[in-house]
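Trainee: To start, I am sharing the structure in question, which I have written as structure tokens.
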Amino acid sequence: MMMVQSYMSSVDLRKDKGFSDGCAQSVGRLNRSEIQKMFSDLQATDLINMGIVQMGFSDGLSFRNVFRDDSISVKLLFAKLKTQMDEKYKVSIEEFEKEGIEFLKENKGKKGVVQTFSGLQYKVLKKGKGKNPTASSRVKVNYKGTLLSGETFDSSYERGTPSEFGLNQVIPGWTEGIQLMRPGSKFIFYIPHELAYGANPDPRSGIKPYSLLIFEVELLEILSP
């Protein structure tokens, strides 16, 4: 960085045309890559013509307005973008919900898997001893949460610290499921979206709306009855 700053201080941009032209070209490339990335992230690259973007960039620098008013153009673009994104979002959500339903239907018949009246499915990996917690108990657990893809979205094992919480403070699938456990036991829970985060998961979690979640949970201790 110091070498770059030193070089920049030694260059007179008004006289060094080759250097200033190179900088200008870099600005153009950066803007192009940023625009492409933005529309790629939105899965809407078909809505943007980079040739027209280049013309617009040139027109803006020369204060020309070849097409319609800028404010109208932007409104039209974002209206079309919103429509396309809404359609893709709806299809995506339907796919996630369908995947969960199909998984639970198949999983229900597997050895050791039990389904409760609510639709929660679980499998006992290790039995524990003692009393079961109640719906208002505070517990200490280790757990790992994964998506159907196998991707881990949360894990107390990775953090290196067990989690403590009240069973009336968590998703319904946990409230119901952990009451089936005893200290020292280890279960796998297959939680349909109705008993998880439904349509409103935390966007930072990586969980998509209507996703089925799989949790491996180890009940370490009942902290309060």
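Sequential numbering of the sequence shown, starting at 1056, is according to this note's numbering.
Note that beta-carbon positions come from the ideal geometry of N, C-alpha and C, so glycine has one too.
Bear in mind that the values here come from a model prediction, so they are computed numbers and not experimental data.
1) Between which two residues does the alpha helix (DSSP H) holding arginine 1214 run?
2) Could you check where the beta strand (DSSP E) with isoleucine 1269 kicks off and where it finishes?
3) Per the contact definition of three or more C-beta pairs closer than 8 Å, is the stretch 1161-1173 in contact with the stretch 1198-1208?
4) Using the Cβ count rule (16 or more neighbours within 10 Å means buried), how would you classify proline 1188?
5) Looking only at DSSP bridge pairs, what is glutamine 1234 linked to?
6) Go to lysine 1199, then tell me how far its beta strand (DSSP E) extends in each direction, as first and last residue.
7) Can you round the beta-carbon distance between threonine 1230 and leucine 1222 to whole angstroms, since I take them to be within the 8 Å contact cut?
8) Who are tyrosine 1177's beta bridge partners in DSSP?
9) In whole angstroms, what is the alpha-carbon distance linking glutamate 1213 and valine 1196?
10) Helix, strand or coil for glycine 1155, going by three-state DSSP, please let me know.
11) So if DSSP puts phenylalanine 1220 in a beta bridge, which residue, or which two residues, is it bridged to?
12) Quick test of your reading: proline 1264 and leucine 1250, contact by CB under 8 Å. State the CB separation rounded to the nearest angstrom.
13) Out of curiosity, what's the CA-to-CA distance linking alanine 1190 and serine 1204?
14) Label serine 1240 either buried or exposed according to how many other C-beta atoms from any shown protein chain fall within 10 Å of its C-beta, with 16 as the threshold for buried.
15) Report back the beta-carbon spacing between serine 1260 and phenylalanine 1208 to the nearest angstrom; my notes put them in contact at under 8 Å.
16) With C-beta atoms as the reference, is leucine 1278 less than 9 Å away from phenylalanine 1158?
17) Would alanine 1252 and isoleucine 1269 qualify as a contact pair, given that the criterion is a beta-carbon distance under 9 Å?
18) Rounded to a whole number of angstroms, what is the C-alpha to C-alpha distance between glutamine 1224 and glycine 1155?
19) Considering only DSSP beta bridges, list what lysine 1207 is partnered with.
20) Return the chain-ordered list of same chain residues with a C-beta closer than 6 Å to the C-beta of lysine 1178, the five sequence neighbours on each side being excluded.
21) Between proline 1238 and glutamate 1150, what straight-line distance do the alpha-carbon atoms span, to the nearest angstrom?
22) In this structure, does DSSP put glycine 1261 in helix, strand or coil?
Mentor: So, from the data block:
1) Against the sequence shown, residue 1214 aligns to sequence position 159. Unbroken alpha helix (DSSP H) run through arginine 1214: 1211-1214.
2) Taking the first residue of the sequence shown as position 1, residue 1269 is located at position 214. Per DSSP, the unbroken beta strand (DSSP E) holding isoleucine 1269 starts and ends at 1268-1279.
3) Contact fails: fewer than three Cβ-Cβ distances are below 8 Å.
4) Stepping through the sequence shown from its first residue, residue 1188 is reached at position 133. Taking every protein chain shown into account, the CB of proline 1188 has 16 or more other CB atoms within 10 angstroms, so this residue is buried.
5) As a first step, residue 1234 must be located in the sequence shown, where it is residue number 179. The secondary-structure analysis by DSSP pairs glutamine 1234 with nothing; it has no beta-bridge partner.
6) Residue numbering aside, residue 1199 sits at position 144 when the sequence shown is read from its first letter. Here the beta strand (DSSP E) through lysine 1199 covers 1193-1201.
7) Your numbering for residue 1230 matches position 175 in the sequence shown. Your numbering for residue 1222 matches position 167 in the sequence shown. Between the beta-carbon of threonine 1230 and that of leucine 1222 there is about 5 Å, and that keeps the pair under the 8 Å contact cut.
8) On the sequence shown, residue 1177 is found 122 positions in, with the first residue counted as 1. The partner list for tyrosine 1177 (beta bridge, DSSP) reads Val1169 and Phe1244.
9) Counted from its first residue, the sequence shown places residue 1213 at position 158. Counted from its first residue, the sequence shown places residue 1196 at position 141. Between glutamate 1213 and valine 1196, the C-alpha separation is close to 13 Å.
10) As a first step, residue 1155 is located in the sequence shown; it is residue number 100 there, counting from the start. Secondary structure at glycine 1155: helix, using DSSP grouped into helix, strand and coil.
11) As a working mapping, residue 1220 is identified with position 165 in the sequence shown. Per DSSP, Val1194.
12) As a working note, residue 1264 is residue 209 in the sequence shown. As a working note, residue 1250 is residue 195 in the sequence shown. Proline 1264 to leucine 1250, Cβ: 14 Å. No contact.
13) For this step, residue 1190 is matched to residue 135 along the sequence shown. For this step, residue 1204 is matched to residue 149 along the sequence shown. When rounded, the distance between both Cα atoms is 30 Å.
14) Taking the sequence shown and counting its residues from 1, one reaches residue 1240 at position 185. That one is buried.
15) Here residue 1260 is taken as the residue at index 205 of the sequence shown, counted from 1. Here residue 1208 is taken as the residue at index 153 of the sequence shown, counted from 1. Contact between serine 1260 and phenylalanine 1208 holds: their C-beta atoms lie close to 6 Å from each other, under 8 Å.
16) Start at 1 with the first residue of the sequence shown, and residue 1278 comes out as number 223. Start at 1 with the first residue of the sequence shown, and residue 1158 comes out as number 103. Result no, Cβ atoms of leucine 1278 and phenylalanine 1158 do not sit closer than 9 Å.
17) Taking the sequence shown and counting its residues from 1, one reaches residue 1252 at position 197. Taking the sequence shown and counting its residues from 1, one reaches residue 1269 at position 214. The sequence given here places tyrosine at residue 1252; alanine does not occur at that position. No, these two residues do not count as a Cβ contact at 9 Å.
18) As a first step, residue 1224 must be located in the sequence shown, where it is residue number 169. As a first step, residue 1155 must be located in the sequence shown, where it is residue number 100. Across the structure, glutamine 1224 and glycine 1155 are spaced so that their CA atoms are roughly 24 Å apart.
19) Position 152 of the sequence shown, counted from the start, is the residue given in the question as residue 1207. Sequence check: residue 1207 is threonine here, not lysine. Thr1201, per the DSSP bridge assignment.
20) The residue labelled residue 1178 in the question sits at position 123 within the sequence shown. Setting aside the 5 residues that flank it on each side, lysine 1178 is surrounded in the same chain by Gly1167, Val1168 and Ile1243, each with a C-beta closer than 6 Å to its C-beta; the list follows chain order.
21) The count along the sequence shown starts at 1 and reaches residue 1238 at position 183. The count along the sequence shown starts at 1 and reaches residue 1150 at position 95. Distance between the alpha carbons of proline 1238 and glutamate 1150 is about 37 Å.
22) Numbered from its first residue, the sequence shown carries residue 1261 at position 206. Glycine 1261: coil per DSSP, three-state reduction.
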